[in-house]
Amino acid sequence: ITKKYRIREKGYNWKKNLKQLLKIEKQDYLTALNKVSFSVKKGEIFGILGPNGAGKTTLIKILAGLLLPENGKAAIKSYDIFKEREKVRTSVNILMSGGWVVFDYKLSIYNNLKFWGVAGGLRLDEVKKRIEDVLKIVGLDDKRDDFPENLSAGLRQKMNLARCLLSDRAIYLLDEPTSNVDPYSAEFIRKFIKDMKKDGKTVVLATHNLWEAEMLCDRIAILNRGNVLVLDETERIKKRIGKEVLTVDLEKITPGLVKEISSFPFVEKVIEEKNRLNVYGKIKKNMPVLIDTCRKHTNIIGVDMKESSLNGVFIQLITEKEKTMVIK
């Protein structure tokens with residue numbers, strides 16, 4: 607799917623700093639999503655990972671039937687987002703970042719949820735029972751009469767989660783669910799996401815939290831400026847793209863040492879930092895060879911080995927993508 611937004615009116619002139627910030631030339635539309643293609647398996651947690659402005663929220667809104675793409679196609683449970691938008695909307699629950707802004711701050715938590723339950727198509731008797739259930743699930747049953755304006759950001763997000771859970775559906779679209787909340791509330795929400803998977807729910811999680819994505823997601827699509835840079839299982843991404851790093855502190859570095867280590871086929875690059883060598887590549891299984899080579903040339907003071915991480919892969923991919931962009 608592809609989605610574009612109008613970014614300037616006719617005759618509008620860009621300021622130089624704004625042009626460089628967005629890294630785009632003068633144009634009428636900004637491409638938020640560029641031929642994005644993927645499928646989500648039933649019962650998995652699928653992560654959409656990317657920096658701010660990558661297109662994550664736009665993608666979530668399209669999947670929820672709230673936005674339509676310029677071209678392409680998408681389906682939720684075989685329902686076409688163009689032809690069967692109402693069926694799409696009633697098949698998913700969506701949790702938007704900062705979604706608590708939709709609440710009426712003059713109404714209690716209970717009455718806010720009652721309004722949204724009825725607006726979502728539930729009968730009043732169904733809503734009342736469901737509210738009791740979801741308030742217990744998110745730990746707000748003792749605050750049912752409190753007002754949103756008196757809640758912390760973490761409790762408001764729990765309230766938002768309760769609204770999301772009023773209708774029991776198979777698919778959940780979560781946009782930055784732990785953004786701007788305290789660590790305790792964030793951990794509660796992560797545990798809840800894990801529990802949803804145990805209950806057989808399908809979760810699409812948009813986040814820029816690398817640690818969160820690595821911990822929760824079965825598969826991940828890394829998105830940047832509307833383009834999918836990589837899509838695979840989390841561990842496979844780390845193995846395919848990630849680089850292991852061996853850091854060796856030495857008494858001294860000789861030209862012969864650097865040349866010999868660089869000649870190994872499993873070594874991708876060697877970086878010198880005073881009396882320290884950073885060796886990148888397939889290090890783990892070849893570490894004894896590297897250590898013995900260093901010992902031949904000089905004394906070793908210290909050794910540190912870092913395996914590939916999603917954080918390293920993410921930074922590597924985003925950095926490489928940014929380098930390919932040309933500002934005219």
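Going letter by letter, the sequence shown gives residues 607 to 934 in the working numbering.
Even glycine gets a Cβ: it sits at the ideal position worked out from N, Cα and C.
None of these values were measured; they are calculated from a predicted model.
By the CB criterion at 8 Å, G862 and F872 fall outside the cutoff. Pairwise C-beta distances place the segment 816-827 in contact with the segment 647-664, as three or more of them are shorter than 8 Å. Per DSSP, the unbroken beta strand (DSSP E) holding K610 starts and ends at 609-612. For K844, the uninterrupted alpha helix (DSSP H) segment begins and ends at 840-847.
Annotation for N718: the continuous alpha helix (DSSP H) segment containing it runs 715-725.
Partner residues in a beta bridge of F798, as assigned by DSSP, do not exist.
For the set L837, T808, N881, G653, the Cα lying nearest the Cα of T904 is the one of N881.
Secondary structure note for M911: its beta strand (DSSP E) is the uninterrupted segment 906-912. Secondary structure of T784 (DSSP, three-state): coil.
Taking each of D788, D774, L779 in turn and checking the Cα distance to R762, the smallest one comes out for D788.
DSSP, reduced to helix, strand and coil, places T813 within a strand of the structure shown. Under the DSSP assignment, G760 falls in the alpha helix (DSSP H) whose first and last residues are 759-771. Annotation: the continuous alpha helix (DSSP H) that includes R736 extends over 730-744. DSSP, reduced to helix, strand and coil, places E676 outside both helices and strands of the structure shown, so it counts as coil.
Membership of R695 in any beta strand (DSSP E) is not indicated; the residue belongs instead to the alpha helix (DSSP H) covering 691-695. Where E878 is concerned, the enclosing beta strand (DSSP E) starts and stops at 873-879.
Uninterrupted alpha helix (DSSP H) stretches at least 4 residues long and entirely within the segment 642-671 occur at 662-669, given in chain order. Here I826 is bridged, per DSSP, to G653, D838.
Contact check between the segment 711-727 and the segment 798-808: fewer than three CB pairs, one atom from each, fall below 8 Å, which does not count as touching.
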